[in-house]
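Novice: The structure under discussion is supplied below as structure tokens; questions concerning it will follow.
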Amino acid sequence: MTLPPCMYLEEAAPGYPILVIQHPTATARVALHGAHVMHWAPTGHAPVLYMSPQSIYAEGKALRGGIPICWPWFSAHPTDAALPMHGLARLRFWQLDAAQADDHRATLQLSLRSSAATRAHWPHDFHCQLHLSIGTELEVALTTENTGPAPLPLTEALHTYLTVGDISRVRLTGLHGSPYLDTVGTPAQRLQEGDVTFDREVDRRYQSTSAIHLHDPAQHRTLTVHKDASATTVVWNPWIEKSARLPDLPDDAWQHFLCIEAANASPPEPQPLQIAPGARHTLRTRLTLSPG
Ligand code: TA6
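Have a look at this one:
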């Protein structure tokens, strides 16, 4: 495939290609492994996505940071604990199908199809596509097509790691009044009162379709996470102890990132979507920046 002049391929490790995008409106990096957006920075702005410097670039290992694709299940597999957390899509190489650019943005299309290897973990036939639009905004669209004869049960998340200047000064608006499953300690159903602030580990699955505004005074900006066809918003910060327990994350990383995930993993237990044979479903998230 011929890449547009603003793109080139490099390797993060032998046999581990990364697509580098240097467009006038933004820079980005996308690993073909997991179709994993690792970096996005609109021109003139600090990086928007957090990427751990301790990430492991190896097939079958999920990168820590950027936008992991949690698919076709979110969190633990519903019936087989031996299967990997957050599904199989982020653990294998995707195919790059298209790469274009114009004056306003660069666009990429990647795909993953079912195979004997995927069927060994998940007995369904599928065609998964990821469409990226990279410019002054970042849009990520994950389309699931059920190419098999039976309904396809699906929970999913675009598990976006966002950089923050200082988590203790961050405030989220847009979730007031939303019910959520608090999964820190004994899972409990709660209701969000007012803004979300952070002074401990937070791991919550909100039943919400709204856009979320991340107010980050230390970086003098507000980031908005828009979403479409997403019934759940997952908010996660590991805080001090869990950061120290994750080997691919620096101990102090908890201060400088927050995950806000467009998902379909509605509590109390993730109720899977059922994609009919031949049907398609697209989960979207779009990130936009504004000053202050
Ligand atoms: O999205 C929140 C969450 O489910 C947390 O519970 C935590 O496990 C996080 O995802 C990261 O999961 P990972 O498998 O990428 O370490």
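Heads up: the sequence shown begins at 3 in the working numbering, then just goes up one per residue. For each residue, glycine too, the CB sits at the ideal point set by N, CA and C. The structure displayed is predicted, hence computed values, not measured ones.
1. Quick check on the DSSP output: the alpha helix (DSSP H) that includes T120 runs from which residue to which?
2. Please report how far the alpha carbon of H258 lies from the alpha carbon of W75, in whole angstroms.
3. Which runs of the beta strand (DSSP E) fall wholly inside the segment 188–232 and span at least 3 residues, in chain order?
4. Among H25, G67, T4, which one has its Cα closest to the Cα of T165?
5. Between W238 and ligand 1, is there a pair consisting of the residue's CB and a ligand heavy atom that are separated by less than 7 Å?
6. If contacts are defined as beta-carbon pairs under 8 Å, then L225 and V22 qualify, I think. What distance do you get, rounded to the angstrom?
7. Any heavy atom of ligand 1 closer than 7 Å to the beta-carbon of E203?
8. With DSSP run on the structure shown, which of helix, strand or coil describes I58?
9. Using the beta-carbon count (16 or more within 10 Å), is M3 buried or exposed?
10. Rounded to a whole number of angstroms, what is the C-alpha to C-alpha distance between Q191 and Q209?
11. CB of S77 to nearest heavy atom of ligand 1: below 7 Å?
12. Can you look up A255 in the DSSP assignment and give me helix, strand or coil?
13. For A108, write down the residues that DSSP places opposite it in a beta bridge.
Specialist: Let me lay it out:
1. Here residue 120 is taken as the residue at index 118 of the sequence shown, counted from 1. Segment 118–123, the alpha helix (DSSP H) holding T120.
2. Your numbering for residue 258 matches position 256 in the sequence shown. Your numbering for residue 75 matches position 73 in the sequence shown. For H258 and W75, the distance between alpha carbons rounds to 27 Å.
3. The qualifying runs are 190–193, 204–209, 214–218, 223–230.
4. Locating residue 165 in the sequence shown gives position 163, counting from the first residue. Considering only alpha carbons, the answer is G67.
5. The residue given as residue 238 occupies position 236 in the sequence shown. Checking every heavy atom of ligand 1 against the Cβ of W238, one is found closer than 7 Å.
6. One-based indexing of the sequence shown puts residue 225 at position 223. One-based indexing of the sequence shown puts residue 22 at position 20. The Cβ separation is near 23 Å, so there is no contact.
7. By one-based count along the sequence shown, residue 203 stands at place 201. Using a cutoff of 7 Å, the CB of E203 does not count as near ligand 1, since none of the ligand's heavy atoms is closer than that.
8. Looking up residue 58 in the sequence shown gives position 56. It is coil, neither helix nor strand.
9. Residue numbering aside, residue 3 sits at position 1 when the sequence shown is read from its first letter. The residue in question, M3, is exposed, as its Cβ has fewer than 16 Cβ neighbours within 10 Å.
10. Position 189 of the sequence shown, counting from 1, holds the residue named residue 191. Position 207 of the sequence shown, counting from 1, holds the residue named residue 209. The alpha-carbon atoms of Q191 and Q209 are separated by roughly 11 Å.
11. Position 75 of the sequence shown, counted from the start, is the residue given in the question as residue 77. True, at least one ligand heavy atom lies under 7 Å from that Cβ.
12. Locating residue 255 in the sequence shown gives position 253, where the first residue counts as 1. DSSP places A255 in helix when its eight states are reduced to three.
13. Residue mapping note: residue 108 aligns to position 106 of the sequence shown, counting from 1. A108 is bridged to A103, I136.
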